[in-house]
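**Q**
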Amino acid sequence: VTTTICDVAVIGCGAGGYKAAITASQCGAQVVLIESESVGGSCLNRACVPKKALAHIATLLCKAQTFMGHGLKGQIFGDLPAAIAFKDKLIQDLRRGLPMRLKQFAVEMVKGQARLLSPQRIAVDGPDGTRLIEARRIILATGAAPRALACCPVDHKFIVDADSFIASLSVAPPTVLCVGGGTIGVEAAFLLQQFGSAVTLVERGPRLVDRPVVSDRAATLLERRLKDIGVTVRKGLTVRRAQVVENGVDVQFSDGTEARFDRVLVAVGREPRPDDLGLQALGLLCDANGFVVTNDYLETSVPGIYAIGDLKGGPMTAAAALHDGRIAGENVARGNTRKRNYNQVPLVLDSVLPIAAVGLSEDMAEAAGFTPDVVYIPFGGSVKARAYNDSVGFIEIVYDEETGQMLGGCIVGAGADELVHLLVAACRSRRGLWSFTDLDYGHPSWSEDMGTALDPYLGALVQSANTLFRPGIYAAAD
Ligand SMILES: Cc1cc2nc3c(=O)[nH]c(=O)nc-3n(C[C@H](O)[C@H](O)[C@H](O)COP(=O)(O)OP(=O)(O)OC[C@H]3O[C@@H](n4cnc5c(N)ncnc54)[C@H](O)[C@@H]3O)c2cc1C
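For any residue, its number in this note's numbering is found by taking its place in the sequence shown, counting from 1, and adding 15.
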């Protein structure tokens, strides 16, 4: 049996593992990266990347409608099979490029299923037999699985889950039920509605996208816009029973009503995968839901073993997994110096009303002991939004009234997915709201609107000395 000795072994080549491997290598470690399936994990193969490509086409369709009679005429229809072909080619290309990039960073890829034998030894069952890897540090990045709903048994054909949803698409089903009003349910509902499906979205809670950093105002506007494009949104409702019948699914809801759908998507969160890694045998501590417990440095209860991304629970996004990868990659190579901080990681939602948020909402800021104030900037006053005939949306910026420190923000409307990074930078800057005072902007632009709208608030702050600003949750975390 071949034995490879290295500084760091990373298990799982999804967003988290890939980033961790590259970061550790950049820090001087000799790194081996093990993957049992396609490189790129969920993000590249069945989640963020294919979703982004399809959501972009859906957005183009939506935008074209807003210019009918204002510079565009005729009719535009979505062509889902062609969009799928475009998406497939994109993934193939990116899959090919990834190993080359890893090679550039001197990361050795090993194909196969990894099992932990001890805190420093891994067996990899690959196409050429079993291979042993000895590593001083191990990073686990094996992801999670879609949470199952007993009343909606997934058959990956008529009832699909978040992982099989995109792969199962070929033509737009005439009627679709999306179970779960979180980011994935909302994004799927938008996408399918734009390609011609009649979509019903059910959410058991009182609002869509129930994430504390996304404000109620944002969730309410999102719901209104989804309804505007024809999505049926039903809140406070769950599925009691779903049964596959000939070419469809019969569904009974918790209020007793019944309906038949051509396809059902179950998108109700994620749960741990079966323990094929041998976590329990090594005594790795897991929480009540089965996710691996880590400290602020992303180290597990077994010293030298780190866990990142979906496997360890917390925010289940590729953006958070990439954050983890960066932090753990540095910690394994240099000792535990960097702490995770999800307040720095933006959450992005692609739909008829894009939403991006970061840091603390007003409530969260109050609970954290700040004296928050919220700047509310409606897109109606934005020159660019008006020129784009797309002025539904707003920006909310949460800052500490006492010090001017930026605490977070929620951007709702076109451009949110990019504009949010201006907020991320300002939140991390010790200059807080002052970050915006001496910036020059392209004109007209959404970024410019954000700067201009802050002027009245900055006026008051300029009276106080810049030194008032004190490092807070963002700066201190570094
Ligand atoms: C439809 C959908 C859309 C999404 N859109 C977004 C988005 O736009 N933005 C965003 O930030 N997040 C998005 N997410 C969430 C995001 O995809 C995940 O949070 C992210 O991919 C998790 O990354 P990870 O590295 O933890 O795990 P994964 O990407 O799941 O990677 C884990 C890897 O480990 C491998 N593996 C598992 N066990 C073993 C083993 N024993 N040996 C070897 N290899 C193993 C797996 O094959 C897999 O490749 C979306 C999710 C879904 C389902």
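Glycine included, C-beta positions come from ideal geometry on N, C-alpha and C. Since this is a predicted model, take the numbers as computed values, not measurements.
Can you name the residues that DSSP bridges to Arg285?
**A** Pro161
**Q** DSSP beta-bridge partners for Glu123?
**A** DSSP output for Glu123 lists Val47 as bridge partner(s).
**Q** Using the DSSP secondary-structure output, state which residues sit across from Tyr321 in a beta bridge.
**A** For Tyr321, which the question treats as bridged, DSSP gives the partners Ile154, Glu314.
**Q** Assuming Thr235 and Arg146 form a contact by the criterion Cβ under 8 Å, report the distance between their Cβ atoms to the nearest whole angstrom.
**A** So it is not a contact: roughly 54 Å between Cβ atoms.
**Q** Closer than 8 Å is the cut-off here; do at least three beta carbon pairs connect the segment 379 to 388 with the segment 188 to 195?
**A** no
**Q** Terminal residues of the continuous alpha helix (DSSP H) containing Val191?
**A** Here Val191 belongs to no alpha helix (DSSP H); instead the beta strand (DSSP E) covers 190 to 194.
**Q** What residue range does the alpha helix (DSSP H) around Pro65 cover?
**A** 63 to 81
**Q** Considering only DSSP beta bridges, list what Val279 is partnered with.
**A** Answer is Ile174, Leu192.
**Q** Identify every run of the alpha helix (DSSP H) within the segment 372 to 440, keeping only runs that are complete inside it and at least 4 residues long; order them along the chain.
**A** 377 to 382, 398 to 402
**Q** Is any heavy atom in ligand 1 found nearer than 7 Å to the beta carbon of Gly384?
**A** no
**Q** Run through the DSSP bridge pairs and tell me what Ala129 is partnered with.
**A** Val139
**Q** Report yes if the C-beta distance between Ile154 and Thr19 is below 8 Å; otherwise report no.
**A** no
**Q** So Gly319 packs on Gln135, CB below 8 Å; how close in whole Å?
**A** 7 Å
**Q** Helix, strand or coil, according to DSSP, for Ala491 in the structure here?
**A** Below a pLDDT of 50, predicted positions are generally treated as unreliable, and Ala491, at 37, falls in that range; the measurement from the model is reported next regardless. DSSP places Ala491 in helix when its eight states are reduced to three.
**Q** How about Asp22 and Gln41: are their beta carbons less than 8 Å apart?
**A** no
**Q** In chain order, which continuous runs of the beta strand (DSSP E) of length 3 or greater are located wholly inside the segment 196 to 254?
**A** You should have 213 to 218, 247 to 250.
**Q** Would you call the CB atoms of Ala98 and Ile137 closer than 8 Å?
**A** no
**Q** Taking the beta strand (DSSP E) that Phe180 belongs to, which residues open and close that run?
**A** That residue, Phe180, is in no beta strand (DSSP E); its alpha helix (DSSP H) goes 180 to 183.
**Q** Using 8 Å for Cβ pairs, my map puts Val228 next to Leu364. What's the rounded Cβ distance?
**A** With a Cβ gap of about 11 Å, Val228 and Leu364 do not count as contacting.
**Q** For Ala35 and Ala274, what's the separation of their Cα atoms in angstroms?
**A** 46 Å
**Q** I think Gly31 touches Asp339, with their Cβ atoms under 8 Å apart; what is that distance to the nearest whole Å?
**A** 5 Å between Cβ atoms; contact.
**Q** Pull up the distance between the alpha-carbon of Gly487 and that of Gln420, whole angstroms please.
**A** The predicted model places Gly487 with a pLDDT of 47, which falls under 50 and marks its position as unreliable, so this point remains unresolved.
**Q** So is Asp178 buried or exposed if we call it buried at 16+ other beta carbons inside 10 Å?
**A** buried
**Q** Alpha carbon to alpha carbon, how far is Asn346 from Leu75? Give it in angstroms, no decimals.
**A** 42 Å
**Q** With Gly195 and Ala282 assumed to form a contact (beta carbons below 8 Å), what rounded beta-carbon distance in angstroms separates them?
**A** So it is a contact: roughly 4 Å between Cβ atoms.
**Q** State the DSSP-derived secondary structure class of Cys167, mapped to helix, strand or coil.
**A** coil
**Q** Exposed or buried, which one is Ile370 when buried takes at least 16 other CB atoms within 10 Å?
**A** buried
**Q** Under 8 Å between the Cβ atoms of Arg222 and Lys250?
**A** yes
**Q** For Met465, is the classification buried or exposed, using 16 other Cβ atoms within 10 angstroms of its Cβ as the cut-off for buried?
**A** Answer is buried; the Cβ neighbour count reaches 16.
**Q** Measuring only from the beta carbon, is Ser354 closer than 7 Å to any heavy atom that is part of ligand 1?
**A** One detail in the question is off: residue 354 reads as Lys in this sequence, not Ser. No, Cβ of Lys354 sits at least 7 Å from all heavy atoms of ligand 1.
**Q** First and last residue of the beta strand (DSSP E) that includes Leu362?
**A** 362 to 364
**Q** Going by DSSP, what residues sit across from Arg146 in a beta bridge?
**A** Val139
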